[in-house]
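Notes for the one structure printed next.
Protein chains in written order, with the working numbering: chain W, -4 to 109; chain D, 1182 to 1290.
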């Protein structure tokens, strides 16, 4: 069973569209994240949720709206997509919020905005 | 803003060679992690170091955390093609993990 699974893996869409990426973890973790990896492979945190509560929001445009219906799910909705949103988006989870905890990443969702 | 600088950015070596990758910051971290990412996959944790001066070994990989907890190094002995990948260091503090920009390692057979 995949520990952190996200869908879709590939997404090609036009500018201005709205899209969602879904994420689920079956590890029983309390903390979930969304990371963005740009074309230069720089991995940057976007959001962090602990027990469904938002704890980190890193200067992300408000076109990006995470939603955590329960501890095992953290979905990412993006409105009015722009060319610069093209990147790989990784969902991840960890046991808790301590910075030394292992973070388990999904396989990534490759978003291309044309 | 905490920044982690990794060097070199790219490294291409022959099988059997040794290499060292560096991760430096002006900030102190409570922990330092190393991840490896293969193409089309998410990063996977290799090691976590938490004590200044700590050295951890994972088969042919040796990880060191600087005494001041601001820097770290990853040394690979007798590199193999299977070691090819993007190596990311990540510093932890204040419930947040900050990633370096990575070292893309290619080991040629």
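Glycine included, C-beta positions come from ideal geometry on N, C-alpha and C.
With distances taken between CA atoms, residue 1236/D lies nearest to 1214/D out of 1189/D, 1190/D and 1214/D. Contact between residue 27/W and residue 69/W holds: CB atoms are separated by about 4 Å, below the 8 Å threshold. When C-beta distances to chain D are compared with 9 Å, the residues of the stretch 28 to 45 of chain W below that value are 28, 30, 32, 35, 36, 37, 38, 39, 40, 43 and 45, in chain order. A direct Cα-to-Cα measurement between residue 102/W and residue 39/W gives close to 16 Å.
Non-local C-beta neighbours of residue 81/W in its own chain, meaning closer than 7 Å and more than five positions away in sequence, comprise 106, 107 and 108, ordered along the chain.
Around residue 51/W, the beta-carbon contacts reaching into chain D at under 9 Å are 1276 and 1277.
Contact with chain D is found for residue 94/W, since one of that chain's Cβ atoms lies less than 8 Å from the residue's Cβ.
Relative to residue 45/W, the option among 56/W, 83/W and 67/W whose CA is nearest is 67/W. Chain W places a beta carbon closer than 8 Å to that of residue 1280/D, counting this residue as a contact. When DSSP states are grouped into helix, strand and coil, residue 1255/D belongs to the strand group. Comparing C-alpha distances from residue 1265/D to each of 1278/D, 1287/D and 1280/D shows the shortest one belongs to 1287/D. In the three-state scheme derived from DSSP, where H, G and I count as helix and E and B as strand, residue 90/W is classed as coil. Here residue 1246/D is bridged, per DSSP, to 1253/D. Interface criterion not met: the Cβ of residue 1236/D is under 8 Å from no Cβ in chain W. Judged by their CB atoms, residue 99/W and residue 29/W are not nearer to each other than the 8 Å cut-off.
Excluding its 5 nearest sequence neighbours in each direction, residue 1242/D has C-beta neighbours in its own chain below 6 Å: 1257, listed in chain order.
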